Structures are given as structure tokens and as C-alpha cells.
Amino acid sequence: MKYLTPEQMAKPRKRRLLKKLRLAEFQEFGFSLEVNYTGDLDDVLNQWIAFVESEGWVFVGGATEDGEFTGYLCLNAVGSLTEADRETTRLWLEKQSWVKSFELGELSDCWHGLFEE
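Numbers in our numbering are just positions in the sequence shown, counted from 1, shifted up by 352.
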């Protein structure tokens, strides 16, 4: 899918094209995160992936053995994550003994806003 600039996203379009481009009411949201951890990388990732899959989400990102993983969470279906999903993630991460610190990003457009700073 083509990355659209904000100017291109604002262009008037027919509903069919809005749906195809995932714009307007068809926009989908997710959020980024950065986690600093202690412990074995495999154990950490297994627990993280089990949590993400149990919620019906998808995680795209990477991890280092130096104690950090970063990435982006979005829904594993048509639709968006919500502030409630961010809160669920925050609460789950706070309960994990292997989490040293973490930062959750704001909700952003999964299709057109990933690489904006």
C-alpha cells in the first residue's frame, strides 16, 4: 500500500476509495512501545507474544539481548486499538517482574502514520 502524506489524505475521495486506502471512517489505529527488560530474551518474548496473541493483536518490532524491545501494536483484524487497549497493555506490563521500564506511544494511524515524527 502506498504511504500517503497528510495533504494526500485530506483530498476528497469517494467512499469506496476511502475504504481501500483506509482513510476517514476506515482509518485504523495502533500504538508504538518501547520496553526495557531483565532476564532471558526467549522467556521475555514468549510471555510478550502470548499476551499479544491472547488479545487478538499483532506486534511488529524487534528485540536485543541488551534488554530492550521496541515495536508497534495493532489489531489482527479490520479495526483499531483503543485507549482501553493501551491501558490493558500498561497494566499488564506493570505486573511483569522482568519489565524495568516501558513507554507507550499515542494512538496513531497504522497505515499512514507509522513513520511520522
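The C-beta atom is built at its ideal place from N, Cα and C for all residues, glycine as well.
Just so we're clear, the structure is a prediction, and the values are computed from it rather than from any experiment.
Practice prompt. State the Cα-Cα distance for the pair V430 and E380, rounded to the nearest angstrom.
Written response: As a first step, residue 430 must be located in the sequence shown, where it is residue number 78. As a first step, residue 380 must be located in the sequence shown, where it is residue number 28. Looking at the two C-alpha atoms, the distance is approximately 8 Å.
Item to complete: Determine the direct distance from the alpha carbon of G457 to that of A436, and round the result to whole angstroms.
Response: To locate residue 436, count along the sequence shown from 1; it is residue 84. To locate residue 457, count along the sequence shown from 1; it is residue 105. Near 14 Å, if we compare the C-alpha coordinates of G457 and A436.
Fill in: Beta-carbon spacing of W409, N428 below 8 Å
For this step, residue 409 is matched to residue 57 along the sequence shown. For this step, residue 428 is matched to residue 76 along the sequence shown. A contact, by the Cβ cut-off of 8 Å.
Worksheet entry | Buried or exposed (CB count within 10 angstroms, at least 16 for buried), T441 | What you label residue 441 is simply residue 89 of the sequence shown in a count that begins at 1. Around the beta-carbon of T441, 16 or more other beta-carbon atoms lie within 10 Å, marking it buried.
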